[in-house]
Amino acid sequence: MNYLIQNREPISVFHYFEEICAIPHGSYHEEKLADYLVRFAADRGLFCTRDKMNNVFIKLPASSDRAGEAPILFQGHIDMVCEKDGDVEHDFLTDPLSLYLEKDLLRARGTTLGGDDGIAVAMMLALLDGAIPSHPAFECLFTTAEEVGLDGAKAFDYSQIAATRMLNLDSEDLGIVTAGCAGGVRTDLSLSYSTVPCKGSGLNVRICGLAGGHSGADITRGRANANRLMGRLLTGLAKKQEIHLISIEGGSKDNAIPRECGAKIAVTNLKKAIAFLQKAGKEIFRELSAEDSGFRLLIDPIQSPKETLSRSDTDRALAVLTCSQIGVMEMSKQIPGLVESSRNLGVVRSTSKKLTFIFSGRSSVEAQLDAMQNELDLFAQMTGCTARHHSRYPGWDYAPESAIRTAYCKAYEKVTGRKAVVNVIHAGLECGIIRSHLPELDMISIGPDLRDIHSPNEALVLPSVTTFWKVLEELIQNL
1 MNYLIQNREP
11 ISVFHYFEEI
21 CAIPHGSYHE
31 EKLADYLVRF
41 AADRGLFCTR
51 DKMNNVFIKL
61 PASSDRAGEA
71 PILFQGHIDM
81 VCEKDGDVEH
91 DFLTDPLSLY
101 LEKDLLRARG
111 TTLGGDDGIA
121 VAMMLALLDG
131 AIPSHPAFEC
141 LFTTAEEVGL
151 DGAKAFDYSQ
161 IAATRMLNLD
171 SEDLGIVTAG
181 CAGGVRTDLS
191 LSYSTVPCKG
201 SGLNVRICGL
211 AGGHSGADIT
221 RGRANANRLM
231 GRLLTGLAKK
241 QEIHLISIEG
251 GSKDNAIPRE
261 CGAKIAVTNL
271 KKAIAFLQKA
281 GKEIFRELSA
291 EDSGFRLLID
301 PIQSPKETLS
311 RSDTDRALAV
321 LTCSQIGVME
331 MSKQIPGLVE
341 SSRNLGVVRS
351 TSKKLTFIFS
361 GRSSVEAQLD
371 AMQNELDLFA
381 QMTGCTARHH
391 SRYPGWDYAP
401 ESAIRTAYCK
411 AYEKVTGRKA
421 VVNVIHAGLE
431 CGIIRSHLPE
441 LDMISIGPDL
451 RDIHSPNEAL
461 VLPSVTTFWK
471 VLEELIQNL
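In the numbering used here, the protein residues as written are 1 to 479.
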């Protein structure tokens with residue numbers, strides 16, 4: 001194929017990345033990229049396994065000069081988040097990404113780039129292809145469905161792994177070494193409702209323009225939650241006059257702080273309802289942080305439907321929106337500034353006869369996750385909902401002593417002249433699942449610079465890939 005990136009080291013990494021971008025590989029649709037990986041291994045005579053989840057595991061024997069050394073495991077995921085701008089025609093099931101360069105940035109036209117975690121896949125392929133001649137045995141684990149619940153990592157058979165040290169290549173900041181992460185659980189609260197004939201005027205209330213963000217990494221930034229704000233607005237209005245909920249839709253992902261929420265309601269006094277909401281919207285705007293300065297409240301009369309939720313079920317729905325505990329719940333007592341536990345109300349959905357509220361809970365303490373589940377069980381009982389907990393995954397505890405972390409930090413400082421920053425993140429990584437199966441595995445999570453992941457603005461910072469590769473070379477040569 002004709003490569004866009006020329007004469008930039010590491011050449012093989014960039015060329016493999018471009019080949020990956022030509023293969024559709026959204027979450028749950030990784031089979032074509034898995035086919036590519038299996039062919040890659042077969043062409044080179046490498047040991048390779050593939051499971052029903054399309055996880056691929058490839059091994060490269062040690063070079064002759066390092067045959068007696070312990071193997072090292074590299075790990076990354078092959079699925080990508082598929083997002084595109086509204087005016088872009090792109091089929092993520094069939095179309096290759098359209099790449100372009102913007103100075104030192106690599107982007108995709110109007111879509112996500114898949115640098116998270118395609119650049120890890122490209123680096124592992126380069127390693128397996130002999131880009132670093134002197135090396136211990138390499139074990140490379142390519143997992144699937146990471147972006148939608150870490151499902152590939154959950155299903156993999158870890159008895160195949162012999163390594164006792166691992167480099168997860170799913171971090172997005174060159175200067176940071178991640179050494180621990182939170183566990184998490186998703187909870188769906190379902191509210192079955194009854195309907196009554198509509199007796200009021202219809203009104204469409206919409207919140208939009210909020211900053212949103214990652215419900216783990218951005219939870220301390222004070223960004224508003226659109227679902228919560230809608231609960232506040234409608235609860236306030238319900239204190240002034242009788243209202244009935246018709247439908248509500250807010251957020252798109254449980255692990256994202258919702259930017260938008262729309263509710264259709266029936267009110268008894270249309271003029272007063274609009275006046276109250278306009279005033280309340282202005283009050284909310286004054287309270288918001290600068291990051292949420294794009295906040296808008298749109299209020300439009302609509303045709304009244306035949307039916308609405310009953311008054312009691314409307315009240316129960318507003319109680320869930322308004323009274324559920326979300327945001328930062330506990331700060332770490334061991335690591336200053338680290339969020340220990342949090343909860344996000346990411347999605348609200350209306351279907352026939354049922355409302356669904358989807359929460360994402362996170363904690364670096366397993367007992368706290370248990371407690372958070374118990375709290376929502378009780379809250380569900382109080383509000384007449386049913387609770388279902390699912391997609392739970394373990395955290396990764398920080399290890400005070402780590403040989404691989406020490407070696408990487410030493411290599412990073414030698415190459416860059418700067419000290420790496422070691423941190424623990426309030427987000428989930430596959431490392432937690434892998435560590436639960438291989439408790440003695442010494443691991444870190446690292447990677448080059450990526451910007452605006454999971455969005456059409458995503459960019460891979462090319463010089464950081466060059467630097468990161470040099471650090472990897474230094475590390476591998478001196479393990």
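Glycine included, every Cβ here is placed at the ideal spot set by N, Cα and C. Here the structure is a predicted model, which is why all the values come from computation and not from measurement.
#### Entry: Rounded Cβ spacing between CYS181 and ILE425 (contact assumed at less than 8 Å)
5 Å
### Task
State the CB to CB distance for the pair PRO456 and ASP85, rounded to an integer number of angstroms; the pair is presumed to be in contact (CB under 8 Å).
5 Å
### Message
Taking the alpha carbon of VAL328 as the reference point, which residue from LEU105, GLY231, ASN478 and ILE257 has its own alpha carbon closest?
### Response
ILE257
### Task
Mark HIS244 as exposed unless 16 or more other C-beta atoms lie within 10 angstroms of its C-beta, in which case mark it buried.
buried
### Buried or exposed (CB count within 10 angstroms, at least 16 for buried), SER480
The requested residue 480 is not part of the displayed model; the chain covers only 1 to 479.
### Query
Going by the beta-carbon positions, is the gap between GLY432 and TYR408 smaller than 8 Å?
no
### Task
Provide the residue(s) that pair with MET166 in DSSP beta bridges, ordered along the chain.
LEU73 and MET443
### Task
For GLY294, collect the residues of the same chain with a Cβ closer than 6 Å to its Cβ; drop the 5 residues on either side in sequence, then sort them by chain order.
GLY209
### Query
Looking at the structure shown, is TYR3 part of a helix, part of a strand, or coil, going by DSSP?
coil
### Query
Buried or exposed: TYR398, going by 16 or more other Cβ atoms within 10 Å of its Cβ?
buried
### Message
When you compare the CB positions of VAL81 and GLU31, do they come within less than 8 Å of one another, or not?
### Response
no
### Query
Going by beta carbon distance, what residues of the same chain come within less than 6 Å of ALA22, once the five residues before and after it are set aside?
PRO96
### Backbone secondary structure at VAL88 - three-state DSSP
coil
### Buried or exposed (CB count within 10 angstroms, at least 16 for buried), ASP292
buried
### Query
Helix, strand or coil: which one does DSSP assign to ASP188?
strand
### Task
Tell me, to the nearest whole angstrom, how far the beta carbon of PRO71 is from that of ALA217; I am working on the premise that it is less than 8 Å.
With 8 Å as the limit, PRO71 and ALA217 do not qualify as a contact, their Cβ atoms being about 32 Å apart.
### Query
Can you list the beta strand (DSSP E) stretches of 3 or more residues lying completely in the stretch 169 to 255, in chain order?
176 to 181, 183 to 192, 195 to 197, 201 to 208 and 243 to 250
### Query
What first and last residue would you give for the beta strand (DSSP E) that runs through THR268?
Premise fails: THR268 is in no beta strand (DSSP E) and is neither H nor E.
#### Entry: From ASN227, THR416 and PRO463, residue whose alpha carbon lies closest to that of CYS323
ASN227
### Per DSSP, the bridge partner or partners of LEU97
The partner list for LEU97 (beta bridge, DSSP) is empty, contrary to what the question assumes.
### Task
Answer yes or no: do LEU309 and THR195 have a C-beta to C-beta separation smaller than 8 Å?
yes
### Reference GLY281; option with closest CA among LEU203, LEU318, ILE299 and LEU376
ILE299
### Close Cβ partners of PHE357 (< 6 Å) along its chain, the five nearest in sequence each way excluded
LEU189, VAL320 and VAL348
### Query
When the distance is taken between beta carbons, is THR187 closer than 8 Å to ASN376?
It should be noted that the sequence gives Leu, not Asn, for residue 376. Going by C-beta atoms, LEU376 is nearer than 8 Å to THR187.
### Message
Measuring straight from C-alpha to C-alpha, what distance separates LEU233 and GLN381?
### Response
24 Å
### Query
What does ASP300 pair with, by DSSP beta-bridge criteria?
ASN204
### Task
For SER364, I'd like the list of residues in its chain whose CB is within less than 6 Å of its CB, leaving aside the five on either flank, ordered along the chain.
ALA182, GLU340 and GLY395
#### Entry: Closest by C-alpha distance to LEU105, when choosing among LEU460, ALA145, LEU174 and GLU401
LEU460
### Query
What first and last residue would you give for the alpha helix (DSSP H) that runs through GLU156?
According to the sequence as given, residue 156 is Phe; it is not Glu. It is not in any alpha helix (DSSP H) - PHE156 carries neither H nor E in the DSSP assignment.
### Query
Are the C-beta atoms of PHE357 and some chain C residue less than 8 Å apart?
Annotation note: the requested chain C is absent from the structure, which comprises a single protein chain.
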